[in-house]
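Numbering (our numbering), first residue to last: 6 to 134.
Here it is, written out as structure tokens:
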């Protein structure tokens with residue numbers, strides 16, 4: 006399976022929580038990303054998250070439309086995110102929505118791993134077309 010690696014920068018526009026009760030806040034964040042490396046392009050993300058009153062415990066889901074070249078193949082595709090933090094222990098699943106690829110990326114499948122270090126975001130994208 007081919008692997009694409011690089012980094013991305015984000016700009017976030019958080020919205021005030023739309024549901025707050027019992028120490029849990031649920032809110033939405035709009036995000037734009039700029040990818041560099043083996044993925045060259047940008048994306049828009051809509052994220053819904055829940056923050057609990059316990060430090061380090063939260064969850065989020067998101068849909069991300071990517072417009073980019075992956076190893077030079079141009080097109081678009083959609084990623085689905087599901088992440089949880091359990092008292093600081095993170096789990097994250099980021100997968101390509103089936104049949105969402107267009108252009109040279111039609112038929113794309115795969116998953117992305119995201120890491121953060123020293124204030125930067127890094128991705129590893131394993132995929133097949």
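Cβ atoms here follow ideal geometry from the backbone N, Cα and C, with glycine treated the same way.
Values in this document were obtained by computation on a predicted structure and should not be read as measured data.
Close beta carbons around residue i, own chain, < 6 Å, minus the five adjacent residues each side
| i | result |
| --- | --- |
| residue 53 | 33, 66 |
| residue 36 | 15, 17, 50 |
| residue 4 | The structure shown does not extend to residue 4, since the chain is modelled only from 6 through 134, so no value can be given for it. |
| residue 117 | 99, 128, 130 |
Minimum C-alpha distance to residue i - residue among the options
| i | options | result |
| --- | --- | --- |
| residue 109 | 38, 78, 49, 46 | 78 |
| residue 25 | 80, 120, 58 | 58 |
| residue 5 | 15, 38, 62 | A question about residue 5 goes unanswered here, because the residues of the chain that appear run from 6 up to 134. |
| residue 103 | 40, 13, 21, 68 | 68 |
| residue 31 | 39, 21, 88 | 21 |
| residue 124 | 94, 19, 13 | 13 |
| residue 93 | 43, 119, 60, 39 | 60 |
| residue 138 | 56, 117, 96, 10 | For residue 138 there is no data in the structure shown, the boundaries of the chain being 6 and 134. |
| residue 120 | 64, 11, 76 | 11 |
| residue 41 | 64, 96, 9 | 9 |
| residue 88 | 64, 111, 76 | 64 |
Same chain, Cβ closer than 7 Å to residue i, neighbours up to 5 away in sequence not counted
| i | result |
| --- | --- |
| residue 113 | 82, 101, 106, 132, 134 |
| residue 70 | 48, 49, 81, 83 |
| residue 74 | 45, 46 |
Nearest-angstrom beta carbon gap, residue j and residue i [assumed within contact, 8 Å]
| i | j | result |
| --- | --- | --- |
| residue 127 | residue 115 | Rounded, the Cβ-Cβ distance is 16 Å, inconsistent with contact. |
| residue 86 | residue 72 | Contact doesn't hold; Cβ gap of about 17 Å is too wide. |
Neighbourhood of residue i by C-beta, 8 Å cutoff - its chain only, sequence neighbours within 5 removed
| i | result |
| --- | --- |
| residue 23 | 31, 32, 33 |
| residue 95 | 88, 89 |
Distance cut-off 7 Å: residue i Cβ against heavy atoms of the ligand SAM
| i | result |
| --- | --- |
| residue 59 | The ligand SAM is not part of this structure, which contains no ligands at all. |
Review point. Considering only residues of the stretch 88-134, which uninterrupted beta strand (DSSP E) runs meet the minimum length of 3 residues and lie entirely inside it, listed in chain order?
Key: 94-101, 114-122, 125-133, all fully within the stretch 88-134.
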